[in-house]
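Residue numbers (UniProt numbering): 1 to 110.
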């Protein structure tokens with residue numbers, strides 16, 4: 001095959017590096033890794049739940065769009081946990097102030 005034929009063949013196919021949009025399985029894998037990380041602690045357990053091999057899951061993680069969505073969802077989850085922890089801690093501090101208990105505050109400062 002000549003160089004010209006290779007170029008022509010390459011033009012017909014999908015551009016190199018482009019991927020089709022994420023599938024439902026890929027979105028499910030992201031959700032399992034982010035939301036249910038306690039239950040699905042290993043990549044193998046996530047792959048089994050989604051119905052793909054572990055290597056396929058790692059291949060998906062190399063895709064920019066998959067990794068971007070995975071990172072966004074993980075950061076969103078961390079922000080929610082932070083928000084919940086702050087809300088809970090603020091409630092503890094407010095109740096301690098209402099009782100006149102400053103030992104909670106001393107624990108924070110030290």
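Just so you know, even glycine gets a beta-carbon here, dropped at the ideal spot from N, CA and C.
On a predicted model such as this, the values are computed, not experimentally measured, just so you know.
Own chain residues within Cβ distance below 7 Å of residue i, not counting five before or after
i          : result
residue 67 : 61
residue 19 : 63 and 65
residue 26 : 60 and 66
Rounded C-alpha distance that separates residue i from residue j
i           : j          : result
residue 42  : residue 21 : 25 Å
residue 24  : residue 82 : 29 Å
residue 54  : residue 84 : 33 Å
residue 103 : residue 96 : 8 Å
residue 52  : residue 80 : 30 Å
Same chain only: Cβ atoms within 6 Å of residue i, ignoring 5 sequence neighbours per side
i          : result
residue 86 : none
Other residues of its chain near residue i: CB distance less than 8 Å, five sequence neighbours each side excluded
i          : result
residue 56 : 47
Limits of the unbroken alpha helix (DSSP H) element including residue i
i          : result
residue 91 : 64-99
Is the region 33-53 touching the region 88-98 in the sense that three or more CB pairs, one from each, lie closer than 8 Å? no
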